[in-house]
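So the structure is just underneath, and the comments pick up after that.
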Amino acid sequence: MNNSRQFGGSPYSNNNSEIMCRICHEGESKEELFSFCKCSGTVAMAHRSCLEKWLSTANSSACEICKFNFQTSRRPRPILDWFRNTDSSQDTNNLIGDLVCFIVLSPLTIVSCYLCVVGASHYMVKRGVSWEASGLIVLSVILATVYCVWLGATIRHHVRTMKKWQESHQSVELISVRNTIINLEENNNDSPNSTRADLQPN
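Counted the way the UniProt record's numbering counts, the sequence shown spans residues 1 to 202.
Structure representation (structure tokens):
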């Protein structure tokens, strides 16, 4: 039986025992093999999931060999994947460190500002407007300003880092293959005699 399934390139056929995925080097035991581009020979066939994973990792939509442009659909991956990704371990450690700083600095800043305001009120009640009261008020304003600037810059940095990671680590889906498989399943429902060979375009 001819196991050639081709999308957008020259047909490729070989014996079932010889063809393998050019990415994972496995046969059709786990998934069907397709020829997605214009490559031929031993690099013609690939599993759909393997190619989609490779395109996602390489942040590309074209074949690295024949430069064929695949029709793809991309969507950002969940933020949880950013925490699990080993490539972003340094960024994750930085985020954890900043969270620890936030937990420690937030109550310290609030308590410090509160004590400064209470102290300033005490001096103002006893002595009226004095340099001690003014100094404490200025100190509380400086503490609050520095804390807010640090917090804003930290949040902005980590949001940018996550968005940059999402842009370069998107989930890729091959549109042409998806539509062909959907059409084949619909044809199989209408015609039980349909076979996998229907995947090959005329």
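We treat Cβ as the ideally placed atom computed from N, Cα and C, and that holds for glycine.
Just to confirm the assignment: which complete alpha helix (DSSP H) runs, minimum length 4, are found wholly within the segment 57 to 139? Fully enclosed alpha helix (DSSP H) runs of 4 or longer: 79 to 84 and 89 to 127.
Local conformation of M162 per DSSP, three classes: Reduced to three states, the DSSP call for M162 is helix.
Enumerate in chain order the residues of its own chain whose CB-to-CB distance from H169 is below 6 Å, with the five nearest sequence positions on each side excluded. The answer, listed in chain order, is R77.
Counting C-beta neighbours from all protein chains within 10 Å, is the total for L122 16 or more, i.e. buried, or is it exposed? First, the residue type needs correcting, since residue 122 is His and not Leu in the sequence shown. Per the 10 Å Cβ criterion, exposed.
Do C63 and C24 have their C-beta atoms closer together than 9 Å? No.
F34 CB to nearest chain B CB: under 9 Å? Here chain B cannot be found, since the structure has a single protein chain.
Return the CA-CA distance between C66 and K38, expressed in angstroms with no decimal places. Cα to Cα, the separation comes out at about 6 Å.
Roughly how many angstroms separate the alpha carbons of G152 and Q90, rounded to a whole number? Separation of G152 and Q90 (C-alpha to C-alpha, rounded to the nearest whole angstrom) is 20 Å.
May I have the straight-line CA-CA distance separating F34 from V159, to the nearest angstrom? If you take the alpha carbons of F34 and V159, they lie about 39 Å apart.
Please report how far the alpha carbon of A120 lies from the alpha carbon of F102, in whole angstroms. Here the C-alpha atom of A120 lies approximately 26 Å from the C-alpha atom of F102.
Hey, how far is the Cα of F70 from the Cα of T109? C-alpha separation (whole angstroms): 54 Å.
What do you get for S140, buried or exposed, if any count of 16 or more other CB atoms within 10 angstroms of its CB means buried? Looking at its Cβ environment, which holds 16 or more other Cβ atoms inside 10 Å, S140 is buried.
If you follow the beta strand (DSSP E) that S171 is in, where does it begin and where does it stop? Per DSSP, S171 belongs to the beta strand (DSSP E) from Q170 to L174.
Select from L99, D98 and E52 the residue whose C-alpha is nearest the C-alpha of I175. Ranking the options by Cα distance to I175, first place goes to E52.
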